[in-house]
Structure formats: C-alpha cells, structure tokens
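Note sheet for the following structure.
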Amino acid sequence: MPELPEVEFARRCWERWANGRRVTGVTATVSRVLRPATPRALQAVRGARFVQFERRGKNLLLTARSGHGKVGLWSHLGMTGKWVRRPVGELPRFARASFTLNDGQALHYCDMRLFGRLQVVPQARFAEVPELAALGPDPLVDGIDLRRLADRLGSLRLPIKVALLDQRLIAGVGNIQASEALHRAGIDPRRPARSLSRAEVARLAAGIRRSLAATLARFDRAVGPDGDIAYVEEPGTPNFFAVYDQAGARCPRCRKGVVTRLVQAGRSTFFCPRCQH
DNA sequence: ACCCGTGTTCGCTG
DNA sequence: TCAGCGAACACGGG
C-alpha cells in the first residue's frame, strides 16, 4: 500500500496517536524488518516521549525525547507495512514490533511480507542516514523545482514511467502514482525521459502534485480522524484510481480510449493510449 | 497450480 | 564504467 499519500496518512495518525505520549514498553520479534535484526536495539525509545513526526518520501521519521536526549525511529512500510493502534493486550496479525504508550494503547508495526524497515537512529540524526540523504525532493514538503527536474530528466534515456520510480529524482512517487500522474499530464509512459519538453515537465509536476493530493484526500475521507489503522487497502475497497489497475475500462479523461496495461522494468504500467502522447 | 503484487537492493550483462 | 534488467526477499489472494 505505501506510497507518499499512505505514508503521509500514517504520519498524521502517528501524530494524533502519540504526540507527547511516553513509551512504557517495547516488544519485537526477530525479523529482517529490524535493522539490525535484534529487537534489543528498539529498547532505546523506552521511556521517551514522542515529540516530532516527519516524512520524507515514503519514509516516516519519528523523534522521541527522553532525559538522555533524542532518539529517532526510521520507518519504511515496504510493500505491505502498516501502523495499527490497539488497546494494550490486543495483538494484530503480522505485528513485528509494538510500542506501548502511557495512555493504555499500543502502536504496532504490522508487515506481512517483511519488506519494510524499522531502525533506531541515534540522536534523531536523520540527515546522516545515507539512504535518506540520497532522496530527491519531497513533492509536498519541498515542492518540485521544475528547472532541476527538467535537467535531471534531460540526461535519462529511461522511459519516463521508470524514471519516476527513482527516489533520487522525486521522493515518494511509486508504481501507482507514476501511472496516475502521467495520465493526468497526458504523457505516454513509454517516452524516453529526455524527450519531454519543458512544458511537459511542468504538466508532469502538476500531475504528480494533483494525484498525490487527490489520493491523500481519499484516505482522509475514507478513514476519518479517529481511525485506529493507518491503512488504505482492505479487501473490498473500491479502486478509485483513474487508470491504475483499470485495464479494459474506459478512460475517464477522454471517455473514448481503453485503459491498457503494459510491463516496464518488471512493473505494471496503466495508461490510455488515446490521450497520452 | 499459477500468476500477481502500492518497494528496494543486488548481481549479472552488454 | 554504467545503464538497464531480472531475481530475490516473503506471503496471501484471485
């Protein structure tokens, strides 16, 4: 589930759930989610109060403060990660790490496929983590610098859809948002990145911003302010995307083309051949 | 049984 | 040297 909108939604949930609360207990099971894989490292946040809730691309950056100073928690949801709040004593399925708070609730990191990551960052020095430093600008936090984006794209032979998945270019766009943004911009996903004109790059940036904002607004509406799960997708949830996973459907933009699926760099792409050029 | 999957990294190849 | 690709990771659902 997690691209930028899902992670931003998780960030807002965390803020609501944990702001000013103290961690009274930490438990975790050994798994590749933890870096290092030892549950012991997570004990650094025990006794600390969560005070800051940030996001960079698909990364959640939580800061807790204790008498000893700050501790950072770096969370990446991978493919199937989600944060869940439950009263103490209830353990949700696939819980890999749990933080008990001083309000009788516990926050659980659940991840079926274990592609996510949870790591303590000493002193909350997120900027010194190489993987985070390598991220490109976050469209919501930093905005998109058109000139810089055009320059970067200008040197890439890759299909534009594949280029958009590179987190060093723009942080937070994933497989769904890449298809959705290109559809909004009316750009064929197969075009070499370097072939985009200045005007098309501008349209693409607008498409990215609008697609992210529209998806985020859906979550707010669907889950509401008091939800206990920072999630998006549950079985039976209707697909509200314009093209993603809509192969065979009529294009909602031009109302004439048929949404088509193709595979690029091993990932599904969806687009309308009639209005994306 | 078989294929697919909202992410990232690693190793091979040309 | 490096862009580009497929595989791998792990597990459930259609």
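Start counting the first sequence at -9; every next residue gets the next number (my numbering). Backbone N, C-alpha and C define an ideal beta-carbon position, used for all residues, glycine too.
Local conformation of residue i per DSSP, three classes
| i | result |
| --- | --- |
| Phe261 | strand |
| Cys100 | strand |
| Thr205 | helix |
| Val152 | helix |
| Phe(-1) | helix |
| Gly197 | helix |
| Leu81 | coil |
| Ser145 | coil |
| Phe116 | helix |
Length of the line joining the Cα atoms of residue i and residue j
| i | j | result |
| --- | --- | --- |
| Val275 | Arg46 | Any answer about residue 275 is impossible in this case: the structure gives the chain only from -9 up to 267. |
| Phe271 | Leu172 | It is not possible to answer for residue 271, since the shown part of the chain is limited to -9 through 267. |
| Arg245 | Pro263 | 12 angstroms |
| Ala192 | Leu136 | 6 angstroms |
| Gly79 | Ala8 | 18 angstroms |
| Ala18 | Ala27 | 10 angstroms |
| Thr53 | Val163 | 24 angstroms |
| Thr70 | Phe84 | 10 angstroms |
| His58 | Ala117 | 20 angstroms |
| Gly197 | Gln33 | 42 angstroms |
Other residues of its chain near residue i: CB distance less than 7 angstroms, five sequence neighbours each side excluded
| i | result |
| --- | --- |
| Ala153 | Leu143, Leu146, Leu159 and Ala183 |
| Glu170 | Ser201, Phe231, Ala232, Val233 and Tyr234 |
| Arg188 | Ala140 |
Residues of its chain near residue i, where Cβ-Cβ distance is below 6 angstroms and the 5 sequence neighbours each way are ignored
| i | result |
| --- | --- |
| Leu104 | Ser21, Arg22 and Val23 |
| Val13 | Val35, Arg36, Ala38 and Phe89 |
Distance CB(residue i)-CB(residue j) smaller than 8 angstroms
| i | j | result |
| --- | --- | --- |
| Arg76 | Asp218 | yes |
| Cys265 | Arg243 | yes |
| Arg208 | Phe230 | yes |
| Pro(-5) | Leu155 | no |
| Arg25 | Gly68 | no |
| Val16 | Leu63 | no |
| Arg1 | Leu81 | no |
| Val119 | Lys48 | no |
| Ala161 | Gly126 | yes |
| Ala203 | Ile134 | no |
Own chain, CB closer than 8 angstroms to residue i, minus 5 neighbours either side, in chain order
| i | result |
| --- | --- |
| Gln254 | Pro149, Lys151, Val152, Pro179 and Arg180 |
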